[in-house]
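Residue numbers (my numbering): 51 to 374.
What follows is a short report on a single structure.
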Amino acid sequence: MWENKMILISGYNYDNFLFFDDFWIFDFQTKTWQEVFLDKMSTNKKDVFSGRIRGKVTMVDNSLYYIGGYLGEYLLDVWEFKIKHTTLEKDLKNIYLNRNLCDWFVISKEKAKIEAHSSLLSARFYGTNPQIIKNVLSGRKKYIINNIILWCYTGKLDFKNLTDNDYQELDLISKKIIDDDKIITPNQKNNFFQNNLSVNNSTLLSTDIGKLFQDQTTTDFIILVKNEKIFVHKWVLIMRSELYRGMFNYVNTNIASVKDYSQKSFESVKALIEFFYTNNTAHIKSLEIAQELFDAIEYYGLNLKSEIGYYISNLLSINENNEN
51 MWENKMILIS GYNYDNFLFF DDFWIFDFQT KTWQEVFLDK MSTNKKDVFS
101 GRIRGKVTMV DNSLYYIGGY LGEYLLDVWE FKIKHTTLEK DLKNIYLNRN
151 LCDWFVISKE KAKIEAHSSL LSARFYGTNP QIIKNVLSGR KKYIINNIIL
201 WCYTGKLDFK NLTDNDYQEL DLISKKIIDD DKIITPNQKN NFFQNNLSVN
251 NSTLLSTDIG KLFQDQTTTD FIILVKNEKI FVHKWVLIMR SELYRGMFNY
301 VNTNIASVKD YSQKSFESVK ALIEFFYTNN TAHIKSLEIA QELFDAIEYY
351 GLNLKSEIGY YISNLLSINE NNEN
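Take a look at the structure:
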């Protein structure tokens, strides 16, 4: 595949030999097919001895395409499946709006109760103890606290309602939060929010949330996979998976563990959970694991097909080039 185009090669079986005799290019932008003749000087195609492709699955621009034929002889099926696209950034915004399974709260100056997820707050403030964050924020103006919580989940501030004095207060609060629990360089403390707002939101969020996957001290749930344990945060599961979202809606949210029934390997389930935290597939090292993840998408009720699909497509291309 190149530049939003895909080659389909079809052929036939004769006397136990496989021949390719049909070459087509599909343009994903124009949604059209063009037949390609190998011998440009002739109207006849050349037969080429090779293995046969019976079907092809490719992901382009948030769609999954399946192209298949009848025993490789005829092009019979071209299917396009629109895939709901999501990112860690979008999912964090949704859970910020819904505040599911929050385990932390603070009371504002106006006596409003503002909830959040303690492990997320800690991750966004260099690992600061959530109780210290609560102590510093307690009794402050509601919209100031809301802006800090908003930044923790989205990497953004509500610029419409913030004055210059508010920015100064935000910086003083951030320094107080960090100073009370961490020793860091003055350069990191100064203009905390302004410095972090200059960084790409998705990069900063995935880096901070990704650290939680490596830290078992704040986890509150265990996934059991073939006698192995994966320590996770409930709020991350419901943020990323419809399966767990439904489970925590209909059963006791105080349950501490659950068995994984996807029939996938421990390595594959762990890779998927890490993907929940990082939205990154760099840790997936084998095609087998990638294929298992793609197969498990429906089981977990995920909206992550696009990201995993692109990775599998790239990995397949690398493997095919190596084989050639």
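Heads up, the beta-carbon is just placed ideally off N, CA and C, and yes, glycines get one too.
Every value quoted in this text rests on a predicted model; they were computed, and no experiment measured them.
DSSP three-state call for residue i: helix, strand or coil?
i, result
"F175", "coil"
"S168", "helix"
"L147", "helix"
"I272", "strand"
"I339", "helix"
"S291", "coil"
"I199", "helix"
"E219", "helix"
"E160", "coil"
"K192", "helix"
"K309", "strand"
Between residue i and the rest of its own chain, which residues show a CB-CB distance below 7 Å, the 5 nearest in sequence each way excluded?
i, result
"K156", "Residue identity differs from the one stated: residue 156 is Val in this sequence, not Lys. Here the set comprises I164, K184, L187, S188 and I195."
"E278", "F316"
"V282", "T269, F271, I273 and I323"
For residue i, which residues in the same chain have their Cβ closer than 6 Å to its Cβ, ignoring the five residues on either side in sequence?
i, result
"D310", "I273, V275 and V319"
"K261", "A173"
"N197", "L207 and D208"
"E160", "K192"
Going straight from the alpha carbon of residue i to that of residue j, what length do you get?
i, j, result
"S168", "I280", "20 Å"
"E317", "I339", "7 Å"
"L287", "A346", "15 Å"
"Y350", "Y193", "37 Å"
"S315", "H333", "15 Å"
"L212", "G296", "37 Å"
"Y203", "N329", "15 Å"
"N304", "C152", "12 Å"
"T269", "D141", "19 Å"
"A162", "L138", "28 Å"
Are the CB atoms of residue j and residue i within a distance shorter than 9 Å?
i, j, result
"F298", "N144", "no"
"K284", "F271", "yes"
"H177", "L255", "Inspection of the sequence shows that residue 177 is occupied by Gly rather than by His. No. Outside cutoff."
"I259", "L170", "yes"
"F326", "M289", "yes"
With distances taken from CA atoms, which of the options is nearest residue i?
i, options, result
"S291", "D270, I323, K314 and K192", "I323"
"K335", "N329, D214 and A321", "A321"
"R190", "N179, T328, L222 and D141", "L222"
"I182", "W154, K161 and K159", "W154"
"S158", "I199, L138 and G296", "I199"
"N179", "T267, S315, Q341 and F326", "T267"
"Q313", "E342, N215 and D214", "E342"
"K225", "C202, F175, E278 and A306", "F175"
Comparing the CB of residue i with every heavy atom of the ligand SAH, is any distance shorter than 8 Å?
i, result
"L293", "With respect to the ligand SAH, the structure shown offers nothing to examine, as it has no ligands at all."
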